[in-house]
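*Asks:* At position 316 of the sequence shown (counting the first as 1) the number is 316 in the UniProt record's numbering, and the numbers step up by one without a gap.
Handing you this structure, nothing more for now.
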Amino acid sequence: MIDTLRPVPFASEMAICKTVSWLNEQLELGNERLLLMDCRPQELYESSHIESAINVAIPGIMLRRLQKGNLPVRALFTRCEDRDRFTRRCGTDTVVLYDENSSDWNENTGGESVLGLLLKKLKDEGCRAFYLEGGFSKFQAEFALHCETNLDGSCSSSSPPLPVLGLGGLRISSDSSSDIESDLDRDPNSATDSDGSPLSNSQPSFPVEILPFLYLGCAKDSTNLDVLEEFGIKYILNVTPNLPNLFENAGEFKYKQIPISDHWSQNLSQFFPEAISFIDEARGKNCGVLVHCLAGISRSVTVTVAYLMQKLNLSMNDAYDIVKMKKSNISPNFNFMGQLLDFERTLGLSSPCDNRVPTPQLYFSHALQPERLPGGLPAVYVKGTHLS
Numbered sequence: 001m002i003d004t005l006r007p008v009p010f011a012s013e014m015a016i017c018k019t020v021s022w023l024n025e026q027l028e029l030g031n032e033r034l035l036l037m038d039c040r041p042q043e044l045y046e047s048s049h050i051e052s053a054i055n056v057a058i059p060g061i062m063l064r065r066l067q068k069g070n071l072p073v074r075a076l077f078t079r080c081e082d083r084d085r086f087t088r089r090c091g092t093d094t095v096v097l098y099d100e101n102s103s104d105w106n107e108n109t110g111g112e113s114v115l116g117l118l119l120k121k122l123k124d125e126g127c128r129a130f131y132l133e134g135g136f137s138k139f140q141a142e143f144a145l146h147c148e149t150n151l152d153g154s155c156s157s158s159s160p161p162l163p164v165l166g167l168g169g170l171r172i173s174s175d176s177s178s179d180i181e182s183d184l185d186r187d188p189n190s191a192t193d194s195d196g197s198p199l200s201n202s203q204p205s206f207p208v209e210i211l212p213f214l215y216l217g218c219a220k221d222s223t224n225l226d227v228l229e230e231f232g233i234k235y236i237l238n239v240t241p242n243l244p245n246l247f248e249n250a251g252e253f254k255y256k257q258i259p260i261s262d263h264w265s266q267n268l269s270q271f272f273p274e275a276i277s278f279i280d281e282a283r284g285k286n287c288g289v290l291v292h293c294l295a296g297i298s299r300s301v302t303v304t305v306a307y308l309m310q311k312l313n314l315s316m317n318d319a320y321d322i323v324k325m326k327k328s329n330i331s332p333n334f335n336f337m338g339q340l341l342d343f344e345r346t347l348g349l350s351s352p353c354d355n356r357v358p359t360p361q362l363y364f365s366h367a368l369q370p371e372r373l374p375g376g377l378p379a380v381y382v383k384g385t386h387l388s
């Protein structure tokens with residue numbers, strides 16, 4: 001059968017469209033040099049997908065990073081086996097991307113599409129990347145035998161979907177709020193807005209109070225005795241492999257070090273339980289705790305978001321929003337965001353039928369007559385729920 005090709009209008013000559021008939025033929029022939037990437041939300045992928053496809057879906061808050069081109073494509077995969085498979089085969093295989101219904105794309109809107117960016121990024125990285133004409137819906141309608149379907153993938157499933165957005169149907173926001181791109185921690189004073197211009201006052205002069213006992217900061221904060229004393233900080237959580245615990249031998253501070261680099265290959269989530277326990281210990285002893293990495297924008301933020309998720313029963317998006325409101329220049333690396341999504345699923349925080357719950361109002365009880373937590377700190381409520 002002759003392959004039917006036509007230029008994809010939203011990407012001019014940068015991508016070529018493969019037909020569903022061509023894809024069916026390749027699957028019938030058992031083509032082992034074919035790499036399928038499903039760009040729909042994860043819950044749709046888990047419900048049904050083309051056989052052998054791997055899923056690539058990202059949190060909505062990470063879109064601007066993809067737009068700026070600072071993420072390698074391999075960083076979009078939250079599952080290690082999918083990432084390894086892509087890394088091994090992307091240079092030799094024919095890569096075909098699909099969303100739910102590609103026929104909706106047109107010349108006027110596609111240039112701003114995330115899927116269009118992903119196709120360009122793949123080609124820039126030397127991949128033979130193509131786009132499936134008609135998307136999953138067309139392929140399933142004509143060749144359902146080559147689709148894998150999970151009969152338990154309905155809304156009644158006990159495993160809630162992750163709150164991620166598929167790449168295909170998303171438009172990139174022109175929002176100019178800060179969203180720093182970095183796979184490695186860097187100088188926190190180098191923050192830029194989405195148009196590349198420097199942000200004014202992007203880095204606070206002191207650690208930021210996330211909760212009355214929980215402070216988020218950078219390496220510089222951890223070495224400033226005056227700052228530590230001012231905020232009553234006696235516990236310091238150092239989320240780096242090599243920064244020294246400067247006052248460890250003085251006996252005045254309790255340290256915990258998490259030896260993680262800010263790199264897509266690192267598994268920070270394995271340390272969430274002990275990090276959360278350390279923060280809780282500080283709270284129970286009426287002490288402030290500083291969570292820091294190098295720049296205070298990635299690793300330490302990830303740990304802080306994980307703490308809020310578990311202790312306040314918040315989704316990843318809601319916990320992230322709270323930290324973002326307190327400290328505008330945060331920017332966890334993409335893999336850490338994927339680990340937070342996995343952590344959200346572990347905690348059972350997602351509603352099976354809702355992709356997003358409105359951010360709850362967070363306030364502290366010391367606005368009126370304060371109820372005190374163990375250790376004398378004011379209680380925190382989210383929609384009437386105590387900090388556990």
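All C-beta atoms, glycine included, are put in the ideal place defined by N, C-alpha and C.
Predicted model only: the values in this text are computed from it and were never measured.
If you check the beta carbons only, do LEU290 and ILE233 fall under 7 Å apart?
*Replies:* Cβ distance < 7 Å, so LEU290 and ILE233 count as in contact.
*Asks:* Measuring straight from C-alpha to C-alpha, what distance separates LEU119 and LYS311?
*Replies:* In a straight line, the C-alpha of LEU119 is about 40 Å away from that of LYS311.
*Asks:* Any idea if GLN270 is buried or exposed, counting beta-carbon neighbours within 10 angstroms, 16 or more meaning buried?
*Replies:* Per the 10 Å Cβ criterion, exposed.
*Asks:* Just to confirm the assignment, what range does the beta strand (DSSP E) spanning ARG128 have?
*Replies:* It spans 128 to 132 - the beta strand (DSSP E) in which ARG128 sits, taken as one unbroken run.
*Asks:* Let me confirm a value: ALA250 is counted as buried when at least 16 other C-beta atoms fall within 10 Å, else exposed. Which label applies?
*Replies:* Its Cβ having fewer than 16 others within 10 Å, ALA250 is exposed.
*Asks:* Does the distance from the C-beta atom of LEU216 to that of SER300 stay below 7 Å?
*Replies:* Taking 7 Å as the Cβ cut-off, LEU216 and SER300 qualify as a contacting pair.
*Asks:* With H, G and I counted as helix, E and B as strand and the rest as coil, what does DSSP make of ASN108?
*Replies:* The predicted position of ASN108 is uncertain, since its pLDDT is 45 and thus under 50; no value can be drawn from it.
*Asks:* Among the candidates SER277, ASN267 and GLY135, whose CA atom is the shortest distance from the CA of residue 394?
*Replies:* Outside the shown range of the chain (1 to 388) lies residue 394, about which nothing can therefore be said.
*Asks:* Would you please state the rounded distance, in angstroms, between the beta carbons of LEU132 and PHE139? I believe it to be under 8 Å.
*Replies:* Yes, they are in contact, since the Cβ atoms of LEU132 and PHE139 sit about 7 Å apart, within 8 Å.
*Asks:* Based on Cα-Cα distance, which residue from GLY338, ASN24, LEU23 and LEU122 lies nearest to HIS263?
*Replies:* It is GLY338.
*Asks:* Between the C-alpha atoms of GLN42 and THR149, what's the straight-line distance to the nearest angstrom?
*Replies:* Approximately 13 Å, taken between the alpha carbons.
*Asks:* Would you check if the distance between the CB atom of ALA319 and the CB atom of PHE343 is smaller than 7 Å?
*Replies:* Taking 7 Å as the Cβ cut-off, ALA319 and PHE343 do not qualify as a contacting pair.
*Asks:* What does DSSP give as the partner residues of TYR235 in its beta bridges?
*Replies:* Looking at the DSSP assignment, TYR235 forms a beta bridge with LYS254 and VAL289.
*Asks:* Have a look at ARG89 and THR19 and give me their C-alpha separation to the nearest angstrom.
*Replies:* If I take the Cα positions, the gap works out to 22 Å.
*Asks:* Hey, how far is the Cα of THR4 from the Cα of ILE16?
*Replies:* Reliability of the predicted coordinates at THR4 is poor, the pLDDT of 42 falling under 50, and the value obtained from them is presented with this limitation in mind. Going by the C-alpha atoms only, they are around 10 Å apart.
*Asks:* Can you list, in chain order, the residues of its chain with a C-beta nearer than 6 Å to that of PHE336? Leave out the 5 residues immediately preceding and following it.
*Replies:* Counting only Cβ-Cβ distances below 6 Å, and skipping sequence neighbours, we find LEU268 and THR302.
*Asks:* Compare the C-beta of GLY348 with all C-beta atoms of chain C and state if any pair is closer than 7 Å.
*Replies:* Going by chain labels, chain C is absent from the structure shown, which holds only one protein chain.
*Asks:* Would you report the Cα separation of GLU51 and LEU34, rounded to the nearest angstrom?
*Replies:* So the two alpha carbons sit approximately 11 Å from each other.
*Asks:* Please report how far the alpha carbon of LEU349 lies from the alpha carbon of ASP321, in whole angstroms.
*Replies:* Cα to Cα, the separation comes out at about 16 Å.
*Asks:* Considering Cα atoms alone, identify which of SER265, LYS256 and GLY284 is closest to PHE272.
*Replies:* Out of SER265, LYS256 and GLY284, LYS256 has the C-alpha closest to the C-alpha of PHE272.
*Asks:* For the beta strand (DSSP E) holding THR149, just list the boundary residues, first then last.
*Replies:* It spans 147 to 149 - the beta strand (DSSP E) in which THR149 sits, taken as one unbroken run.
*Asks:* Using a Cβ-Cβ cut-off of 7 Å (strictly less than) and excluding sequence neighbours within five positions of GLY296, which residues of its own chain qualify?
*Replies:* Answer for GLY296: PRO188, LEU216, GLY217 and CYS218, listed in chain order.
*Asks:* Please state if the CB of VAL96 and the CB of LEU36 are separated by a distance shorter than 7 Å.
*Replies:* Yes. Within cutoff.
*Asks:* Pull up the CB-CB distance for HIS292 and VAL208, whole angstroms please, since I reckon it's below 8 Å.
*Replies:* With a Cβ gap of about 11 Å, HIS292 and VAL208 do not count as contacting.
*Asks:* With GLY30 as the anchor, note down where its beta strand (DSSP E) starts and where it stops.
*Replies:* Note, GLY30: premise wrong, no beta strand (DSSP E); not H, not E.
*Asks:* By Cβ distance, which residues of its chain are closer than 6 Å to LEU314, with the 5 residues on each side in sequence left out?
*Replies:* Contacts found: LEU308.
*Asks:* Just to check my reading of the structure: LEU246 and THR78 have Cβ atoms closer than 8 Å, yes? What is that Cβ distance to the nearest angstrom?
*Replies:* Incorrect: roughly 35 Å between the Cβ atoms, too far for contact.
*Asks:* Shortest alpha-carbon distance to SER21 belongs to which of GLU81, GLU142 and CYS80?
*Replies:* For the residues GLU81, GLU142 and CYS80, the minimum Cα distance to SER21 belongs to GLU142.
*Asks:* Since VAL95 sits in a beta bridge, which residues does DSSP pair it with?
*Replies:* Beta-bridge pairing links VAL95 to LEU35 and ALA129.
*Asks:* Could you tell me if LEU211 is buried or exposed, where buried requires 16 or more neighbouring beta carbons within 10 angstroms of its beta carbon?
*Replies:* Per the 10 Å Cβ criterion, buried.
*Asks:* Which of the three DSSP states, helix, strand or coil, is assigned to ILE330?
*Replies:* If DSSP states are grouped into helix, strand and coil, ILE330 belongs with coil.
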